[in-house]
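Protein chains: 2
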Amino acid sequence: MGEDRPLRADAARNRGRILEAATRQIMARGPEVPMEAIAEDAGVAVGTLYRHFPTKQVLVVAVLAECFGALTSAAEAAADRIDAGASAIAEFTAFARIVMEDAAGNLAMKAAARSLGADVHEAEERSRGEAAMTRLLDAAKAEGTVRPDLGIEDCYLFFITVPVDQPPAMRDRWFELMIAGFRAGAVSRSTAP
Amino acid sequence: MGEDRPLRADAARNRGRILEAATRQIMARGPEVPMEAIAEDAGVAVGTLYRHFPTKQVLVVAVLAECFGALTSAAEAAADRIDAGASAIAEFTAFARIVMEDAAGNLAMKAAARSLGADVHEAEERSRGEAAMTRLLDAAKAEGTVRPDLGIEDCYLFFITVPVDQPPAMRDRWFELMIAGFRAGAVSRSTAP
DNA sequence: TCATATGATGAACCATGATTCAGGTTATGG
DNA sequence: CCATAACCTGAATCATGGTTCATCATATGA
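Residue numbers (this note's numbering), protein chains in the order written: chain A, 984 to 1176; chain B, 984 to 1176.
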C-alpha cells in the first residue's frame, strides 16, 4: 500500500523547506496565509507544494501536529519534575501559563483553539498529550490543590477559551480567574452561599 | 448635515425588510453570509442593499447593535429584580447563563465575542450595557457572594471566552468552572494552598 | 553517458463574494 | 395626469485564493 520508494534528493530537500516555511508562515500569519506565500517562503512554486501535500488542510494539520508535540513535551517535563519532588500546583499552573501564551502568540495554535473538535490531531499524538496532562492533574489532585473532579476535558476547555486576541493584562486576569475556578473547592466548600 | 428628507414609501419598506433579513441571516449563518443571501431573503436586489447600507460592515454592525440591546435589556431586568429583593447571585448567574447561551446560539454574537476590541458597539449602547452590568456586580458584591474585585472587564472576559462551538455539556462545565472562579474568595481565602 | 521516471514550474482555471453602475421603474408633489 | 427625483435591478467588475495540468528539468540507475 504505502510507497517507501526513497524521495529523490531534491524532492526531500524541498519537502523539508516547505514544512519549515509552512510552520513559519502559519505560526506568524495564521492558517489563512495563502499557499503562494508559503511557496515563496520555501523558494518553490505552488505546484511543488501540491506535489508534497495534496491540500492545504493537510499542510496545516502537519504544522499543528508539530506545535502540539512541543506542548506535550512541556507537559511531560513538568510531570517529570513533579515526580522528582516539585510542587504539583506550581508545575500545573506554570504549564497552563505556557499553554495560554502559546495559544495567544502562535497563530497556528490560536486557530486550533478555535476549531478544536475538528480532526486536528492524530490519535497518537493526542493520546501522548492526554497522558502527560493526566499525570499533571492526578498529581495536583493528590496534593489536594485543585478540584478533585477536574478532567482532561477541563484542560481542553482551558486551551479553547484562552482570550487569544486580548491584551496581555486581560489575559493575565483571565488566567487568575480560571485558575481560581480550577482550585475552587479543592479543600472545602466554605465559599458557597 | 444629516438628511432628514423622509424616505419614499417603498424605500422605507425595503430598508425594514433588509434589516430584518440581515438580522435573520446573520444570526443564523454568521456575518460571513453573502450579501446575495441577505438580498434574496429580503426580496430585493443586491444593489438595493448598498443603497441603504454602504458596506457590509455597516449592516453587520447594525445587527450587532440590536443583539447587544437585547442583552442589555435582560441585564436591566435582572438588576431591577434584585432591587425588588431577589437574590443578587442568582440573578447574576442567570444573566451570565443567558449571555452564554446567546453567544453560543446566535452566530452574530458568536462572531462579536471573537472580535471584541473591534469597533463593534456604539458608545451609547455600550455605556447602557455597562451601567446595567455594574448594577448586577455591585449588588452581588454587596451580598458578598462574588469576589470583591470583579469588574466590567471580567464580564467582557466571560462573554469573550464562552466556548461557543463546543457541545452543551462542555459549555455547562465551563460555566460551572467560570462561575466558581467569579465566586472564589468571596467569603474567605480558605481554599488557598 | 543516457534514458526516463520523478520532480518542478507557474500560468490558467474555478469558485466565492464584495461592490459598482448603466439603464429601467415608480412614488410623489404640483 | 406629468415630470422627475428617488429608487431598484442585476449583470459586470474586481479581488482573493485554492487547485490543476501541460510542459520543461534533472536525479539516478544501468
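Each residue gets a CB set at the ideal place from its N, CA and C atoms; glycine is no exception.
Chain A residues whose Cβ lies nearer than 7 Å to that of residue 1144/B: 1144, 1146, 1157
Pick from 1011/A, 1055/A, 1167/A that is closest to residue 1119/A, judged by C-alpha positions: 1055/A
Below-9 Å beta-carbon distance, residue 1013/B vs any chain A residue: no
9 Å Cβ cutoff met for residue 1087/A and residue 1147/A: yes
Chain-ordered residues of the segment 1107-1138 of chain B with a beta carbon less than 7 Å from chain A: 1128, 1136, 1137
Opening and closing residue of the alpha helix (DSSP H) in which residue 1000/A lies: 992-1012
Residue 1099/B - DSSP class collapsed to helix/strand/coil: strand
Residue 1133/A versus 1123/B, 1156/B, 1041/B, residue with shortest Cα-Cα distance: 1156/B
Whole-Å CB distance - residue 1083/B paired with residue 1158/B, under 8 Å assumed: 6 Å
Under 9 Å from the C-beta of residue 1165/A: neighbouring residues of chain B: 1160, 1163, 1164
Boundaries (first-last residue) of the alpha helix (DSSP H) holding residue 1064/B: 1039-1066
With 16 other Cβ atoms within 10 Å as the buried cut-off, status of residue 1101/A: Any reading at residue 1101/A needs caution, since the residue's pLDDT is 49, under 50, leaving its predicted position unreliable; the model's value is listed next. Exposed, by the Cβ-count rule.
Whether residue 1013/A touches residue 1093/A by CB criterion (9 Å): yes
Buried versus exposed, by CB contacts within 10 Å (16 or more), residue 990/B: exposed
Neighbouring residues, chain B, relative to residue 1092/A (Cβ below 8 Å): The contacting residues do not exist; residue 1092/A stays about 15 Å from chain B at best.
Residues within the segment 1040-1068 of chain A neighbouring chain B, beta-carbon criterion of under 7 Å: none
is_contact[residue 1097/B, chain A] using C-beta, thresh 9 Å: yes
Nonlocal neighbours in the same chain, by C-beta distance under 8 Å from residue 1064/A, ignoring five residues either side: 1074
Residue 1154/B, buried or exposed, once every other Cβ within 10 Å from all chains shown has been counted against 16: buried
Proximity winner among 1025/B, 996/B, 994/B, 1125/B, relative to residue 1009/B (alpha-carbon distances): 1025/B
Test item: CB-CB of residue 1050/A and residue 1091/A under 9 Å: yes
Reduced DSSP secondary structure (H/G/I, E/B, other) of residue 1144/B: coil
Whole-number beta carbon distance between residue 1141/B and residue 1079/B, since they are thought to touch under 8 Å: 6 Å
Within 9 Å of chain B by C-beta, residues of the segment 986-1006 of chain A in sequence order: none
Three-state secondary structure assigned by DSSP to residue 1017/B: coil
Span separating the alpha-carbon of residue 1081/B from that of residue 1089/B: 11 Å
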